[in-house]
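As given, the protein sequences belong to chains A and B, one line each in that order. Going by this note's numbering, the first sequence opens with residue 58, and the numbers climb by one from there. Going by this note's numbering, the second sequence opens with residue 58, and the numbers climb by one from there. The beta-carbon is built from N, C-alpha and C at its ideal position, and this holds for glycine as well.
Protein chains: 2
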Amino acid sequence: MVTLATVSKVAGVSTATVSRVLNQPHKVDRNTRQVVEKAIEKLGYRPNQYARGLASKTSKTIGVIVNRFSSTYYGFMLDGVEEALVEYGYKTLAESSRETAEGENQALLSLIDRQCDALVIHTNKLTDIELAQYQNKARPIVFMNRKVQACENESIYLDNKSAGQLAASYLLQKGHTSFAMVTGPKSYHESVSRTNGFISTLKEHAITIDKDCIIESDFTVQGGYDSLCRLLKQQKHFTAIFFHNDEMAAGAYKACREHGIAIPSQISILGFDDAVIASHLTPGLTTIEQPLAEIGRASGLLALSLLKNKPEIFQGSKLFTATVKERDSVKDINRE
Amino acid sequence: MVTLATVSKVAGVSTATVSRVLNQPHKVDRNTRQVVEKAIEKLGYRPNQYARGLASKTSKTIGVIVNRFSSTYYGFMLDGVEEALVEYGYKTLAESSRETAEGENQALLSLIDRQCDALVIHTNKLTDIELAQYQNKARPIVFMNRKVQACENESIYLDNKSAGQLAASYLLQKGHTSFAMVTGPKSYHESVSRTNGFISTLKEHAITIDKDCIIESDFTVQGGYDSLCRLLKQQKHFTAIFFHNDEMAAGAYKACREHGIAIPSQISILGFDDAVIASHLTPGLTTIEQPLAEIGRASGLLALSLLKNKPEIFQGSKLFTATVKERDSVKDINRE
DNA sequence: GTGATATATGTAAGCGCTTACATCAAGTTA
DNA sequence: TAACTTGATGTAAGCGCTTACATATATCAC
């Protein structure tokens with residue numbers, strides 16, 4: 058095995074010098090540096106990251122937690138984080154929590170055990186209070202797409218209230234005046250904020266939404282399907298439904314097909330996320346787009362900036378805004 | 058900071074004993090063990106994985122390489138790998154190659170630097186010869202969904218030739234006799250095998266496929282769209298098209314919509330993968346399903362079994378078979 | 001009781017690095 | 001020229017673990 062010592066012997070210098078050319082090259086004489094670099098090259102030496110980490114107490118690695126890998130929702134954020142870190146020579150250690158509180162805790166501990174210099178985590182199950190306890194100057198934790206009370210400086214997230222308002226404004230602008238909404242679980246802060254935003258804008262226009270027309274669901278296709286069936290059964294009147302994500306909207310498409318309801322002529326549907334499926338649905342799903350990759354990227358950069366204590370690395374805003382991705386699932390009633 | 062030494066002092070034993078209760082508890086007396094465990098608990102001690110790795114030359118970590126995270130294709134495999142490893146107390150260190158040869162090389166080296174005990178990699182760019190050079194008894198490398206010559210024992214993959222045959226048989230069974238095919242890049246072994254399988258079965262039925270009706274594309278939605286447009290321009294006759302993945306098939310849906318061609322009445326479409334979008338397309342895309350999560354799981358298990366030299370961990374077959382996931386995009390011509 | 005065997009624990013030498021500190025040569029100042 | 005910088009390099013002490021080996025104690029056959 059080729060170690061620092063091997064290189065130092067071949068190069069005829071001390072191990073300290075070799076270590077210096079690796080970590081603080083400016084402190085080594087040009088000629089010596091070249092000799093060492095040649096030896097490294099020749100031997101194909103690669104530093105042992107564990108020895109490095111043990112000695113320096115830093116791993117050049119940032120741990121990331123997501124619910125699971127098999128959803129592009131997390132995939133886009135992960136790609137964003139990795140992209141940001143690669144630029145700075147940092148590695149991503151990604152772990153999934155498998156959507157359980159226990160998984161989130163375990164992943165958190167395990168990433169800390171692995172000496173991650175910082176953490177970028179997306180969590181749903183742990184409470185703000187539990188999360189705040191993990192915060193620690195030595196090892197910054199960035200909360201990705203979540204606002205954690207008492208850790209707002211380390212939270213990167215979408216302005217979900219504005220996004221809800223945007224959804225309402227958009228539908229109003231298209232002439233709709235009577236609505237339904239299928240939300241995510243109330244335990245998710247996103248759901249609550251989106252709901253509040255949506256309702257508040259309606260209120261501004263003196264429109265109220267029937268309590269029965271707000272259904273709490275679970276972000277799944279099946280959940281969306283079930284919710285739509287329930288809404289139909291109630292026989293309440295509405296011309297547009299706002300779904301808190303595209304999967305649920307896709308479930309609604311299926312239910313509509315089965316009930317012979319045409320989108321958007323009989324019912325308008327507005328999704329959320331701009332997931333991959335949104336463009337493949339027929340008609341194309343109009344949806345509130347959130348910049349997931351950007352959010353991931355920002356989270357990565359924020360982690361680095363906190364870690365290195367260099368504010369210049371992360372300059373932008375911690376709050377992201379959603380936009381409307383217009384396709385064909387919302388009818389413009391004004392044009393009738 | 059709480060270290061092994063802290064625990065040993067509190068428990069009144071040597072560090073060796075503490076280390077033993079952590080790694081080989083049966084070698085420690087019941088009473089001593091309890092005392093130590095209590096101390097660990099009380100102090101909230103967590104072993105430093107870097108020190109552990111340095112001393113033991115093992116990291117209990119398996120490195121995984123995928124093209125990127127933002128595709129469920131890789132996501133499902135990743136989830137599969139992680140699921141398998143978690144059972145055995147191993148961690149997943151996932152890195153993306155960003156679909157470049159350089160990225161694949163870098164990721165490979167970087168995971169080795171990080172002392173991964175084994176690697177599970179999905180690569181497209183590196184050649185069999187390059188990959189074989191990385192193989193090494195000390196650190197097994199499993200090739201996920203790829204057959205690498207000279208490393209067949211470490212390759213877990215779909216039987217793409219049979220899958221191609223299955224595609225042909227299915228379409229034949231539905232009464233089709235005239236075909237087109239849109240393949241993935243020829244540089245991908247999957248594309249070649251699927252093509253060969255497809256053609257060979259047709260040949261068995263004395264059917265040939267016009268060279269112009271086989272189009273090489275790139276696995277993207279846009280690629281599928283373009284390919285269909287090209288096929289239509291040629292004015293050749295065919296009733297069914299076999300696409301090498303669902304994204305391309307989705308692109309074809311779009312092209313059909315624009316050209317006013319009805320699926321499946323005017324043209325039948327068969328996809329590959331059973332991606333998430335397949336069920337959301339209208340009509341539902343009939344597709345050749347490959348068990349990605351299973352392939353990931355098997356890869357993880359194989360890596361563990363090679364690593365620990367315990368054949369019993371990985372028992373199954375290294376070759377997976379595709380199945381038909383039937384939806385509504387293939388017309389049954391017999392029923393006319 | 002003796003020697004052999006098994007079981008439990010401790011001692012201490014690393015694992016491959018980083019880095020504070022020491023050393024030394026060469027240049028600078030008055 | 002003596003005293004002081006400065007820059008380049010070396011020495012060696014860890015970082016927090018694991019583990020081969022040594023030691024101590026208990027058990028057992030005879």
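Check, Outcome
"Collapsed DSSP secondary structure at residue 345/A in the structure displayed", "strand"
"Segment limits, alpha helix (DSSP H) that includes residue 218/B", "217-230"
"Alpha helix (DSSP H) segment containing residue 252/A, residue limits", "246-261"
"Where residue 199/A falls: helix, strand or coil (DSSP)", "strand"
"Boundaries of the beta strand (DSSP E) in which residue 121/A is found, first to last residue", "118-123"
"Proximal chain B residues relative to residue 334/A, where beta-carbon distance stays under 7 Å", "333, 334, 337"
"Chain-ordered chain A contacts of residue 128/B [CB-CB under 8 Å]", "129, 132"
"Cutoff 6 Å; reference residue 385/B; Cβ partners in own chain excluding five residues on either side", "340, 341"
"Integer Cβ distance of residue 161/B from residue 122/B, believed to fall under 8 Å", "7 Å"
"Interface flag, residue 145/B vs chain A, CB-CB below 7 Å", "no"
"Range covered by the alpha helix (DSSP H) that runs through residue 328/A", "Not the alpha helix (DSSP H): residue 328/A falls in the beta strand (DSSP E), residues 325-330."
"Within chain B, the residues that residue 76/A reaches when beta carbons sit closer than 8 Å", "Near residue 76/A there are no residues of chain B at all, since even the closest Cβ is about 16 Å away, more than 8 Å."
"Minimum Cβ-Cβ distance from residue 183/B to chain A less than 7 Å", "no"
"Member of 220/A, 178/A, 231/A, 227/A whose CA lies at the smallest distance from the CA of residue 247/A", "220/A"
"Start-to-end residues for the alpha helix (DSSP H) that takes in residue 273/B", "Looking at the DSSP string, residue 273/B is not in any alpha helix (DSSP H); the run it does join, the beta strand (DSSP E), is 271-273."
"Per-residue contacts from residue 108/B into chain A (C-beta, under 7 Å)", "111"
"As assigned by DSSP and simplified to three states, the class of residue 289/A", "helix"
"Chain A contact for residue 139/B (CB, 7 Å cutoff)", "yes"
"Other residues of its chain near residue 358/A: CB distance less than 7 Å, five sequence neighbours each side excluded", "141, 370, 371"
"Buried versus exposed call for residue 87/B [16 or more other C-beta atoms within 10 Å across all chains shown]", "exposed"
"Chain A within 7 Å of residue 153/B, Cβ atoms only", "yes"
"Amino acids of chain A, ordered along the chain, whose beta-carbon sits closer than 8 Å to that of residue 170/B", "103, 104, 105, 106"
"Interface flag, residue 150/A vs chain B, CB-CB below 7 Å", "yes"
"Check whether residue 307/A and residue 278/A have beta carbons under 7 Å apart", "yes"
"Close beta carbons around residue 164/A, own chain, < 6 Å, minus the five adjacent residues each side", "122, 152, 154"
"Which residues DSSP lists as bridging residue 238/B, in chain order", "271/B, 299/B"
"Limits of the alpha helix (DSSP H) - the one that residue 65/B falls within", "61-68"
"Segment limits, alpha helix (DSSP H) that includes residue 76/B", "72-80"
"Residue burial classification, residue 265/A (beta-carbon count within 10 angstroms, cutoff 16)", "exposed"
"Per DSSP, the bridge partner or partners of residue 377/A", "215/A"
"Within chain B, the residues that residue 166/A reaches when beta carbons sit closer than 8 Å", "103"
"Cβ-Cβ separation, residue 117/A to residue 148/A (assumed contact under 8 Å), whole Å", "6 Å"
"Same chain only: Cβ atoms within 7 Å of residue 289/B, ignoring 5 sequence neighbours per side", "316"
"Residue nearest to residue 215/B in terms of C-alpha spacing, selected from 378/B, 390/B, 392/B", "378/B"
"Contact set for residue 224/B: own chain, Cβ-Cβ below 7 Å, skip 5 residues either direction", "255, 299, 327, 345"
"Own chain, CB closer than 7 Å to residue 235/B, minus 5 neighbours either side, in chain order", "294, 295, 296"
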